[in-house]
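Encoded as structure tokens, the structure appears first; notes follow it.
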């Protein structure tokens, strides 16, 4: 059944845990475009950002040149509770697919937050603590990021205020309870606790909230409460920096078993997991040392890379955040309500957007029914129930492996298994009952949201 | 913060995964009493058991003498997808408790079933497959065992029919959907599919079911369908045999880091996890090679060891299963409905019962509010949301560590962290809202259920 020389799971030792995060921007010939102040149209300065974000995180956000940022010992100690994460050889999936391809996945779901989000949550919470802050604020939709952050804050004794989109707060009580168990205060958004919340509630008394509104409330709560800052779980450069620990570990594990991947696949919402997974491999490609294929996989219902435009846009639907140059569907774009698999962000990390624009990475969009088919097939042979988000990458990995069956190529495929689906069983139920459908935005839908892009001065 | 020489997590390599299960019975001077046929009062023979259980499993069930049963390669390959499981040093918990004690836990929750149950599920499914059977039947309450079995059956291509207590089927849809995703058929019990189900539905049209009734339906479905057998997730000798992989790995990991535990703690419902964890350590004690303290922790609302009697009793509330000699509260005992933490079985493994009777193990009962307090404290510093069942062991481990703080003793404590609490968030919510209460059966309650023990001939 398998080549006994390569284990099912390759673990690094705790001594081999990376000691520094890798900043991919340092090796990019064309740097990602800077964030702009929506009022002035000029690049945001550290001074403008520090009332919102922690100082060290602002430094990391703006630094396009330093290749390595040392990981503080306290963060490495926290990492040791759930890292290094395993690089898994998918022997059973290979057998089921009857493919000559060798499939590996880097599994980030073995922690209570159930995803890779914890890698950046502990870093952001740590720098807040170091700065002497009392606490942080954030928003959460389905709750994956909020859960990760609540674990990090509980560990450090930092206060956490989560604004959770009201409809999720009511319909996904389990995520909410995990956050509460970790001591976070969780407020359904819109709330009466902020000016923007009160204004929205007055205008739309029956609203069930939106991520854009929750972001606005979280930012306001951070700015107006002394000793608080706002933190965000994806999209930002700092988040991709922290998530580089995924790729660094994967690369070291491959070196340990003497294997080099040919294709590297990750799902893409805001880009935090994909950016982290590919970072050191992409670095080699940028420096001309090695070549790899990279594939970003996005939902057909929210196809930023494959059908968006590369332009400056707001990061939030509320249009209060900075402007970022990225592949975007327009900040007013809302993916269809039937899309269950996360990855609902209209834009994309500026780093990944630049790499894609420069032809260094491929992208493809997949429909959700085929994503859940891949999830089911994977779960049944590999024994892990994957998150719907991660299953986008599984879909593409299976497709690549099936192509190898046709061509006879023995390619080595690596994909990121970002998390587990234990809190996504309503979506699985829909799939099990045969009730899942696919919706793809029409060209008219996209034209409507893309036309609304903000005007910015020419660079 | 910590002694850098001992890692947070000690993993064995896949080569070091045990090659044989250890049968503790082989080293017991007083063997566990045999199962009796409730009709004849005589020990059950292999011939009587094979219509219900697979042949190899019957052999394992009845063998009190063979010390080691080789683990087939196919089962070891499956184990490699989620084993060896880590032996974790609870550095953060030690720091929070400010104790000189060294705390370790063996973590069995890093698999999609979320518990140790998978260790026996794959073994039982494997032997069914080997015997050329089409499928197996079982019952499940909260769904932990059913989930594990559905994963094992999906992997082997074996049909699985789960009778799920109707109230759980309706109130815990997520566990049900995991089983369905793994291809199991899940029927709410009582159902119209069995004679016993139809009879019960006729008598009690509005019933929401019981574990006793689900067992009866699963056994009937196994016996009446050619090519099917019945499987069970705890209590039985064969289950403790398979679960010995937990203890064997823990012992090997301790040897790797040069540590010897003083106290070994596990939660006890039917006894599968505790029996598996302590097996090789208890073997050393029985052979006079080493000494350890063993502590079984049970809920105060279902206190088989601490307030039950050591006598022959039915294993099921429906009184159709064999009689087992064990610590029991009487098969008619039902723990209070407010008890959220599992471990609701009225009896106990015959192996553990004999060991406790012979003074080789201690037992204590803990109340559920204090169990959830321990769970919360553990989750916040160690980053894992524990299952309520496992949290009984955490409670006792914390209590032992706090005692060490008083006495200054540097004891080494090992406890079994059997699983995660991702599907128990309704109970956590109750706790977070301050609505959790404790109920303990009165002496009169116990007198009522214990007086109903069956009469069996004197041995």
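Chains as they are written, first to last, in this note's numbering: chain C, 4 to 462; chain L, 4 to 462. Where is the CB? At the ideal position from N, CA and C, for every residue including glycine. Since the structure is predicted, the reported quantities are computational estimates derived from the model, not experimental observations.
- Nearest CB-CB separation between residue 322 of chain L and chain C: not below the 9 Å threshold.
- The continuous alpha helix (DSSP H) containing residue 383 of chain C extends over residues 371 to 385.
- Chain C places a beta carbon closer than 9 Å to that of residue 387 of chain L, counting this residue as a contact.
- Three or more Cβ pairs closer than 8 Å define a contact, and the region 299 to 318 of chain L falls short of that threshold against the region 14 to 27 of chain L.
- The beta carbon of residue 15 of chain C sits closer than 8 Å to those of 87, 252, 255, 256 and 259, all from its chain and outside the five residues before and after it, given in chain order.
- Residues of the region 172 to 187 of chain C with a Cβ closer than 9 Å to any Cβ of chain L, in chain order: 176, 177, 178, 179, 180, 181, 183, 184, 185 and 186.
- Across the structure, residue 304 of chain C and residue 151 of chain C are spaced so that their CA atoms are roughly 26 Å apart.
- Annotated three-state conformation of residue 62 of chain C is helix, per DSSP.
- Counting along the chain, residue 313 of chain C sits inside the beta strand (DSSP E) bounded by residues 312 to 317.
- Under the three-state reduction of DSSP output, residue 142 of chain L falls in the strand class.
- In the three-state reduction of the DSSP assignment, residue 448 of chain L falls in the helix class.
- Collapsing the DSSP output to three states places residue 368 of chain L in a strand.
- If you ignore the 5 residues before and after residue 186 of chain C, its C-beta comes within less than 8 Å of the C-beta of 153, 156, 157 and 163, all in its own chain and listed in chain order.
- DSSP assignment within the region 32 to 96 of chain L yields the following whole beta strand (DSSP E) runs of 3 residues or more, N-terminal first: 71 to 73 and 90 to 92.
- Within its own chain, the residues whose Cβ lies closer than 6 Å to the Cβ of residue 382 of chain L, once the five positions on either side in sequence are excluded, are 388, listed in chain order.
- Note on the region 394 to 453 of chain C: whole alpha helix (DSSP H) runs with a minimum of 4 residues are 428 to 435 and 446 to 453, in chain order.
- Proximity of chain L to residue 83 of chain C at the Cβ level (cut-off 9 Å) is accounted for by 10, 11, 12 and 94, in chain order.
- By the criterion of at least three beta-carbon pairs nearer than 8 Å, the region 423 to 436 of chain C is not in contact with the region 325 to 337 of chain C.
- For residue 341 of chain C, there are no neighbours in chain L by C-beta distance under 9 Å, as the nearest C-beta there is about 18 Å away.
- Under the three-state reduction of DSSP output, residue 324 of chain L falls in the coil class, being neither helix nor strand.
- Taking the Cα positions, residue 344 of chain L is about 5 Å away from residue 391 of chain L.
- Taking every protein chain shown into account, the CB of residue 195 of chain C has fewer than 16 other CB atoms within 10 angstroms, so this residue is exposed.
- DSSP places residue 270 of chain C in the uninterrupted beta strand (DSSP E) bounded by 266 to 270.
- With a cut-off of 8 Å on Cβ pairs, the region 75 to 90 of chain L is not in contact with the region 369 to 385 of chain L, counting fewer than three such pairs.
- According to DSSP, residue pairing for residue 226 of chain C in a beta bridge does not occur.
- With a cutoff of 9 Å on beta-carbon distance, residue 167 of chain L and residue 190 of chain L are scored as near each other.
- One alpha carbon belongs to residue 317 of chain C, the other to residue 40 of chain C, and they sit about 10 Å apart.
- Residue 162 of chain L carries a strand assignment under DSSP once its states are collapsed to helix, strand and coil.
- Annotated three-state conformation of residue 111 of chain C is coil, per DSSP.
- Residue 350 of chain C counts as buried, since at least 16 other C-beta atoms from the protein chains shown sit within 10 angstroms of its C-beta.
- At least one beta carbon of chain L lies nearer than 9 Å to the beta carbon of residue 431 of chain C.
- For residue 170 of chain L, the enclosing alpha helix (DSSP H) starts and ends at 169 to 174.
- In the DSSP annotation of this structure, residue 10 of chain L is not part of any alpha helix (DSSP H), being labelled neither H nor E.
- Taking a beta-carbon distance threshold of 9 Å, residue 398 of chain L does not count as an interface residue toward chain C.
- With distances taken between CA atoms, residue 161 of chain L lies nearest to L:130 out of L:181, L:130, L:180 and L:169.
- In terms of Cα proximity to residue 365 of chain L, the closest of L:301, L:408 and L:276 is L:301.
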